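Visitor:
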């Protein structure tokens, strides 16, 4: 590793170290983001930024620490973007959201009605179905 530190860090050096380091970067990024999928996105962003920096002749003394710093910054950026997206939901956006309390009350009423209906005798249930569901008269 000392030879890598003293020599120029380039694409070939990144390609050589990435297979061994990528799982660690992914675990770190996934834990930072709280999602394995988001962690993968962060690692991809990390590698892209590292390649761009290498192509721009960035000086890299400690490549592993440098990549983790890029991953850390990418994870923070990801979390900030996610927070901004969540905060964009305004009251106007929420008007189309169904009132869950009303649907919960309706489900509770339906469940109570079904339990009550099932406690009726068979002839009583039949009469309810004939009159209320099929629209027949009692006569």
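In our numbering, the protein residues as written are 412 to 550. All C-beta atoms, glycine included, are put in the ideal place defined by N, C-alpha and C. Note that the structure is predicted; figures quoted are calculated from it, not measured.
#1: By DSSP, does residue 470 sit in helix, in strand, or in coil?
#2: Going by alpha carbons, who is nearest to residue 480 out of 423, 464 and 544?
#3: Can you name the start and end residues of the alpha helix (DSSP H) that residue 539 belongs to?
#4: With 16 other CB atoms within 10 Å as the buried threshold, where does residue 471 fall?
#5: Should residue 430 go down as buried or exposed, given a rule of 16 or more other Cβ atoms within 10 Å for buried?
#6: Could you tell me the boundaries of the alpha helix (DSSP H) in which residue 442 lies?
Guide: Well, looking at it:
#1: The residue labelled residue 470 in the question sits at position 59 within the chain shown. DSSP places residue 470 in coil when its eight states are reduced to three.
#2: Residue 480 sits at position 69 when you count from the first residue of the chain shown. It is 464 whose Cα lies nearest to the Cα of residue 480.
#3: Position 128 of the chain shown, counted from the first residue, corresponds to residue 539. Counting along the chain, the alpha helix (DSSP H) containing residue 539 begins and ends at 533 to 539.
#4: For the purposes of this step, residue 471 is identified with residue 60 of the chain shown, where counting begins at 1. Under this definition residue 471 is a buried residue.
#5: Sequence index remark: in the chain shown, residue 430 carries index 19 (1-based). Exposed: under 16 other Cβ atoms inside 10 Å.
#6: Taking the chain shown and counting its residues from 1, one reaches residue 442 at position 31. Taken as a continuous stretch (DSSP letters only), the alpha helix (DSSP H) holding residue 442 covers 422 to 444.
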